[in-house]
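Below is one structure, written out as structure tokens; comments come after it.
Residue numbers (the working numbering): 79 to 387.
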């Protein structure tokens, strides 16, 4: 994830800063964080659970989690938390059951995002690699878009989302924008040359793109793209999107933005203390956001802050 740096002054080294959150219920969320004492290159991801205001240590993962999502319940299992490390470790943790791990075979690359698209898991990362998880396991699905690694990383898919297995968008460095139609990848004419860090499929069939310099676009490959960027917000980098009660919230590090219709605006969050927004996740009853030590919950009317001990 891109970040302007985590606030460390005046903090014990054993404190945690949080970079990802998965909302499992209005009163509970899984928090993924790192130890300040490890500096800018952490070796583990610490997983915590907050439920009804009480924090619980879950476990440490030996990878740096870059992607996290919720898998809905099925007839065979309850809903599950899925967490993907940049080096390819996938931890799946059904609620109330023992977790298990899977490992993605990576071609000397990093993974940047894990996405649930129509009930299936997809992952993307450096050199525009794309992986798909099916009943048979993980397979590569990036023929035509993947760029073999030579001396150093030259391109990256930072985010992907879609409406089904034959309608998927991926975006990345330099404004790279591609579409998968179920058979092949096609490079699209991108509305930006800036890095895309957010790709979010909306209920109306449109796709929201966002990223560096506060860029926000909405459209799709057929209708084209409308520019929604607000000049006053061009100093921000947008890293995550979360749809809650009809509004798309955009995490922009030190600011939280809201996209309603075609209007982007900052959100006033009336809580005391330091605030940062790196990740957001929602269920029907509440949205959770995290960034550094700021753990916030919004029920649609009231914001509440939680402090990890």
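Each residue gets a CB set at the ideal place from its N, CA and C atoms; glycine is no exception. All values reported here derive from a predicted model rather than from experimental measurement.
For the beta strand (DSSP E) that residue 101 lies in, which residues bound it at each end?
-> As a position in the chain shown, residue 101 is number 23, starting the count at 1. From DSSP, the beta strand (DSSP E) with residue 101 extends over 94 to 103.
Residue 105 to residue 387 span [Cα, whole Å] = Taking the chain shown and counting its residues from 1, the one referred to as residue 105 is at position 27. Taking the chain shown and counting its residues from 1, the one referred to as residue 387 is at position 309. C-alpha separation (whole angstroms): 18 Å.
Answer with buried or exposed for residue 258, where buried requires no fewer than 16 other C-beta atoms within 10 angstroms of its C-beta.
-> Walking along the chain shown from the start, residue 258 turns up at place 180. So residue 258 ends up on the buried side.
What are the complete beta strand (DSSP E) segments, minimum 3 residues, inside the stretch 166 to 193?
-> 167 to 172, 178 to 181
Bridge partners of residue 295, per DSSP?
-> Indexing the chain shown from 1 puts residue 295 at position 217. According to DSSP, residue 295 bridges with 287, 305.
Candidates 244, 156, 116, 311: which alpha carbon is nearest residue 195's?
-> Here residue 195 refers to the residue found at position 117 of the chain shown. Ranking 244, 156, 116, 311 by Cα distance to residue 195 puts 244 first.
If you count every other CB in all the chains shown that lies within 10 Å of the CB of residue 95, and 16 or more means buried, which is it?
-> As a working mapping, residue 95 is identified with position 17 in the chain shown. When all chains shown are included, residue 95 counts as buried.
Just confirm the distance between the C-beta atoms of residue 175 and residue 222, as a whole number of angstroms; I'd bet it's less than 8 Å.
-> As a working note, residue 175 is residue 97 in the chain shown. As a working note, residue 222 is residue 144 in the chain shown. Incorrect: roughly 38 Å between the Cβ atoms, too far for contact.
Identify every residue that forms a DSSP beta bridge with residue 327.
-> Position 249 of the chain shown, counted from the first residue, corresponds to residue 327. DSSP lists 320, 336 as partners of residue 327.
Boundaries of the beta strand (DSSP E) in which residue 268 is found, first to last residue | For this step, residue 268 is matched to residue 190 along the chain shown. Neither: residue 268 is in no beta strand (DSSP E) and is coded neither H nor E.
DSSP state of residue 314, grouped into three classes?
-> Position 236 of the chain shown, counting from 1, holds the residue named residue 314. Note: residue 314 maps to coil in three-state DSSP.
Can you name the residues that DSSP bridges to residue 129?
-> Within the chain shown, residue 129 is the residue found at index 51, counting from 1. Note: residue 129 sits in a beta bridge opposite 106, 132.
For residue 365, does the three-state DSSP call read helix, strand or coil?
-> Residue mapping note: residue 365 aligns to position 287 of the chain shown, counting from 1. In the structure shown, residue 365 sits in a strand (DSSP, three-state: E or B).
Please report the residue range of the beta strand (DSSP E) in which residue 210 lies.
-> Your numbering for residue 210 matches position 132 in the chain shown. From DSSP, the beta strand (DSSP E) with residue 210 extends over 207 to 212.
Taking 8 Å as the cut-off, decide whether the C-beta atoms of residue 334 and residue 288 are in contact.
-> Taking the first residue of the chain shown as 1, we reach residue 334 at position 256. Taking the first residue of the chain shown as 1, we reach residue 288 at position 210. No, the pair does not count as a contact, with Cβ atoms beyond the cut-off.
Flag this pair as touching only if the stretch 169 to 189 and the stretch 142 to 160 have three or more C-beta atom pairs under 8 Å; answer yes or no.
-> yes
Top-ranked residue by Cα proximity to residue 207, from 124, 115, 197, 219 = The residue given as residue 207 occupies position 129 in the chain shown. Among 124, 115, 197, 219, the Cα nearest to that of residue 207 is on 219.
Exposed unless 16 or more other CB atoms sit within 10 angstroms - verdict on residue 369 = By 1-based counting over the chain shown, the position of residue 369 is 291. Looking at its Cβ environment, which holds 16 or more other Cβ atoms inside 10 Å, residue 369 is buried.
One or two residues paired with residue 257 in a DSSP bridge = For the purposes of this step, residue 257 is identified with residue 179 of the chain shown, where counting begins at 1. DSSP lists 247, 264 as partners of residue 257.
For residue 356, name the three-state secondary structure that DSSP assigns.
-> For the purposes of this step, residue 356 is identified with residue 278 of the chain shown, where counting begins at 1. It is coil, neither helix nor strand.
Taking DSSP as the reference, what is the three-state secondary structure of residue 119?
-> Along the chain shown, read from residue 1 onward, the residue named residue 119 stands at position 41. Residue state, collapsed to three classes: coil.
Host beta strand (DSSP E) of residue 382 (start-end) | Here residue 382 corresponds to residue number 304 of the chain shown, with the count starting at 1. Unbroken beta strand (DSSP E) run through residue 382: 381 to 384.
Name the residue from 306, 272, 267, 271 whose alpha carbon lies nearest to the alpha carbon of residue 286.
-> What you label residue 286 is simply residue 208 of the chain shown in a count that begins at 1. With distances taken between Cα atoms, residue 286 lies closest to 306.
Helix, strand or coil for residue 252, going by three-state DSSP, please let me know.
-> Mapped onto the chain shown, residue 252 falls at position 174. Correct three-state label for residue 252: helix.
Which residue's Cα is closest to the Cα of residue 193: 204, 311, 211?
-> Taking the first residue of the chain shown as position 1, residue 193 is located at position 115. Minimum Cα distance to residue 193 is reached at 211.
What's the call for residue 118, buried or exposed, on a 16-neighbour Cβ count within 10 Å?
-> What you label residue 118 is simply residue 40 of the chain shown in a count that begins at 1. With fewer than 16 other Cβ atoms within 10 Å, it is exposed.
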